[in-house]
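One structure is given below, encoded as structure tokens.
Numbering (UniProt numbering), first residue to last: 1 to 156.
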């Protein structure tokens with residue numbers, strides 16, 4: 001990935017609806033070479049998808065909960081079942097296996113406390129869990145999907 005690829009990625013992260021011609025103009029390429037670079041980035045999995053980012057408050061999903069999960073069972077079977085179940089829950093926006101005193105961290109988005117209570121009951125019914133801790137976000141101060149690709153050294 002060179003400096004032009006990085007510029008293309010930066011533009012697409014800010015606005016994926018830009019035309020290939022507009023992206024090309026901004027990075028100093030004509031449309032065909034720009035399109036080929038984008039295609040190459042997609043084929044390599046660098047660009048995994050292009051989406052519209054929806055404001056959760058505007059669609060009635062104003063409650064964000066960070067859920068820490070601890071388990072006493074670290075077997076592969078348990079993890080497979082837990083990952084399959086939690087991965088299928090539409091309220092779970094992000095799902096991580098962690099290092100440290102928490103085993104898993106979820107970012108959950110729901111419309112209200114009643115919806116979270118339903119989610120919580122569904123979560124604890126899936127597999128045996130040692131501890132579940134919920135932290136409710138009071139205010140979203142920063143939220144971005146733009147990765148800081150300029151911080152990564154250029155590959156030669």
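C-beta atoms are modelled at their ideal positions from N, C-alpha and C, and glycine is treated no differently.
Assigned secondary structure, residue 14 (DSSP; H/G/I helix, E/B strand, else coil):
Taking the chain shown and counting its residues from 1, the one referred to as residue 14 is at position 14. In the structure shown, residue 14 sits in a helix (DSSP, three-state: H, G or I).
Does the separation of the CB atoms of residue 105 and residue 143 fall below 9 Å?
The count along the chain shown starts at 1 and reaches residue 105 at position 105. The count along the chain shown starts at 1 and reaches residue 143 at position 143. Against a cut-off of 9 Å, the Cβ pair of residue 143 and residue 105 comes out as no contact.
Do residue 16 and residue 51 come within 9 Å of each other at the CB atom, strictly closer than that value?
Here residue 51 is taken as the residue at index 51 of the chain shown, counted from 1. Here residue 16 is taken as the residue at index 16 of the chain shown, counted from 1. The answer is yes: Cβ separation under 9 Å.
In the DSSP assignment, the beta strand (DSSP E) including residue 105 goes from what residue to what residue?
Start at 1 with the first residue of the chain shown, and residue 105 comes out as number 105. Unbroken beta strand (DSSP E) run through residue 105: 104-110.
In whole angstroms, give me the CA-to-CA distance for residue 77 and residue 95.
Here the question's residue 77 lines up with position 77 in the chain shown. Here the question's residue 95 lines up with position 95 in the chain shown. Cα to Cα, the separation comes out at about 18 Å.
Alpha-carbon spacing of residue 127 relative to residue 135, whole angstroms:
Taking the chain shown and counting its residues from 1, one reaches residue 127 at position 127. Taking the chain shown and counting its residues from 1, one reaches residue 135 at position 135. Roughly 21 Å separates the two Cα atoms.
Backbone secondary structure at residue 133 - three-state DSSP
Taking the first residue of the chain shown as position 1, residue 133 is located at position 133. Correct three-state label for residue 133: strand.
Nearest-angstrom beta carbon gap, residue 63 and residue 110 [assumed within contact, 8 Å]:
For the purposes of this step, residue 110 is taken as residue 110 along the chain shown, with counting starting at 1. For the purposes of this step, residue 63 is taken as residue 63 along the chain shown, with counting starting at 1. Indeed they touch by this definition, with Cβ atoms about 5 Å apart.
For residue 101 versus residue 70, is the C-beta distance shorter than 9 Å?
Reading the chain shown from its first residue, position 101 is the one you call residue 101. Reading the chain shown from its first residue, position 70 is the one you call residue 70. Yes, the Cβ-Cβ distance between residue 101 and residue 70 is below 9 Å.
Helix, strand or coil for residue 64, going by three-state DSSP, please let me know.
The count along the chain shown starts at 1 and reaches residue 64 at position 64. Strand.
Simplified DSSP assignment, three categories, for residue 113
Taking the chain shown and counting its residues from 1, one reaches residue 113 at position 113. Helix, per DSSP.
Taking the beta strand (DSSP E) that residue 97 belongs to, which residues open and close that run?
Mapped onto the chain shown, residue 97 falls at position 97. Residue 97 -> beta strand (DSSP E) spans 92-97.
Of the listed residues 18, 8, 66, 22, nearest to residue 133 (C-alpha basis):
Locating residue 133 in the chain shown gives position 133, where the first residue counts as 1. The shortest C-alpha separation from residue 133 is found at 66.
Run the CB neighbour count on residue 108, radius 10 Å, all protein chains shown included, and call it buried at 16 or more, exposed below.
Within the chain shown, numbered from 1, the residue matching residue 108 stands at position 108. Looking at its Cβ environment, which holds 16 or more other Cβ atoms inside 10 Å, residue 108 is buried.
For residue 42 and residue 49, what's the separation of their Cα atoms in angstroms?
The residue given as residue 42 occupies position 42 in the chain shown. The residue given as residue 49 occupies position 49 in the chain shown. Computed Cα separation, rounded: 8 Å.
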